[in-house]
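**Student:** According to numbering that gives the first Met the number 0, the sequence shown is numbered sequentially starting from 0. Just so it is clear, CB atoms sit at the ideal spot from N, CA and C, and this is done for glycine as well.
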Amino acid sequence: MKITTILLAFALLLSACATSYQIDGFTGGQKPKWRDVDVLEIQASGNGYTSKSKLERMTLLRAAETAIEANYRYFIEIDSENTGKSSTVTLPSTQTTSVTGQYTGSGYRGTSTTTYSNNSYDVYKPGANIVYRMFEKLPPDARPGQFHDAYEIYNRLGKKYIRKFKPKYPPAE
């Protein structure tokens, strides 16, 4: 019983942390995978404490960081799949019994009340597989807002999610 309680407490402690910006871990992460020389897929997953919008921002940051490392400047999303999952978590029920009464000459008289509580919670764990096409230069037919600038994304979102953030700048053209 003692070991079960300790394991449950440890699991709850670990799960209380939202997914951080990391390749992949116990609480989720963003895992990049090259499908082709210029096509990148990011498999992202979060835990129950991670919002869908936060996961989207960290996935975009991972794409920008990976693009810069591979000497690409621009990228565009070409496919996406929602892989989020909903589940119900039920914690052990509790039972409380209270007894009230009084002792009389012929015995004890009283009433008892038992209360049960069921602790069930719905949990959504966001997830996505997003595919990007990378470009060294902006295509001539590009429309405004259609493409992401990897350096702009990295410098804007990196400040928030990367612990030892250092800005990156595009090479001079």
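Taking Cβ to Cβ, would you say S19 is nearer than 9 Å to Y131?
**Tutor:** Along the sequence shown, one-based indexing puts residue 19 at 20. Along the sequence shown, one-based indexing puts residue 131 at 132. The answer is no: Cβ separation not under 9 Å.
**Student:** Under 9 Å, do Y73 and A149 count as touching if we go by C-beta distance?
**Tutor:** Within the sequence shown, numbered from 1, the residue matching residue 73 stands at position 74. Within the sequence shown, numbered from 1, the residue matching residue 149 stands at position 150. Taking 9 Å as the Cβ cut-off, Y73 and A149 qualify as a contacting pair.
**Student:** Rounding to the nearest angstrom, what Cα-Cα distance links G83 and R162 in this structure?
**Tutor:** Numbered from 1 along the sequence shown, position 84 holds the residue referred to as residue 83. Numbered from 1 along the sequence shown, position 163 holds the residue referred to as residue 162. The alpha-carbon atoms of G83 and R162 are separated by roughly 26 Å.
**Student:** Any idea what DSSP makes of S52, helix, strand or coil?
**Tutor:** Here residue 52 corresponds to residue number 53 of the sequence shown, with the count starting at 1. DSSP places S52 in helix when its eight states are reduced to three.
**Student:** Is the stretch 24-38 close to the stretch 56-67, with three or more CB pairs under 8 Å?
**Tutor:** Yes, they touch.
**Student:** Just checking my contact of T87 with D121 at CB under 8 Å: how many whole Å lie between their CB atoms?
**Tutor:** Working through the sequence shown from its first residue, we reach residue 87 at position 88. Working through the sequence shown from its first residue, we reach residue 121 at position 122. That belief holds up - the Cβ atoms of T87 and D121 are roughly 6 Å apart, short of 8 Å.
**Student:** Name the DSSP bridge partner or partners of N118?
**Tutor:** Taking the first residue of the sequence shown as 1, we reach residue 118 at position 119. Bridge partners of N118: L90.
**Student:** When the distance is taken between beta carbons, is I129 closer than 9 Å to E68?
**Tutor:** What you label residue 68 is simply residue 69 of the sequence shown in a count that begins at 1. What you label residue 129 is simply residue 130 of the sequence shown in a count that begins at 1. It is not a contact, given that the beta carbons lie outside the stated cut-off.
**Student:** Spatial neighbours of C16 within its chain, please: CB distance less than 7 Å, with the 5 preceding and 5 following residues excluded, ordered by chain position.
**Tutor:** Working through the sequence shown from its first residue, we reach residue 16 at position 17. Cβ neighbours of C16 beyond the five flanking positions: T26, Y48.
**Student:** Looking only at its own chain, which residues have a Cβ that is under 8 Å from the Cβ of N70, when we skip the five neighbours before and after it?
**Tutor:** Taking the first residue of the sequence shown as position 1, residue 70 is located at position 71. The residues are E135.
**Student:** Please classify P125: is it buried, with 16 or more other beta-carbons within 10 angstroms of its beta-carbon, or exposed?
**Tutor:** Locating residue 125 in the sequence shown gives position 126, counting from the first residue. Buried, by the Cβ-count rule.
**Student:** L137: buried (16+ other C-beta within 10 angstroms of its C-beta) or exposed?
**Tutor:** On the sequence shown, residue 137 is found 138 positions in, with the first residue counted as 1. L137 is exposed by the Cβ-count criterion.
**Student:** For F164, which residues of its own chain have a beta-carbon under 6 Å away from its beta-carbon, when the five flanking residues on both sides are left out?
**Tutor:** One-based indexing of the sequence shown puts residue 164 at position 165. Same-chain partners within the cutoff: G157, K158.
**Student:** In this structure, does DSSP put G157 in helix, strand or coil?
**Tutor:** For the purposes of this step, residue 157 is taken as the residue at position 158 of the sequence shown. Helix.
**Student:** Answer yes or no: do I41 and A127 have a C-beta to C-beta separation smaller than 9 Å?
**Tutor:** Against the sequence shown, residue 41 aligns to sequence position 42. Against the sequence shown, residue 127 aligns to sequence position 128. Contact flag set, yes.
**Student:** Could you give the C-beta distance for H147 and I77, rounded to a whole number, given that I count them as a contact under 8 Å?
**Tutor:** On the sequence shown, residue 147 is found 148 positions in, with the first residue counted as 1. On the sequence shown, residue 77 is found 78 positions in, with the first residue counted as 1. Not a contact, Cβ separation roughly 12 Å.
**Student:** Go ahead and pull the three-state DSSP assignment for A8.
**Tutor:** Stepping through the sequence shown from its first residue, residue 8 is reached at position 9. Interpretation of A8 is limited by its pLDDT of 48, a score under 50 that renders its predicted location unreliable; the figure taken from the coordinates is listed afterwards. Correct three-state label for A8: helix.
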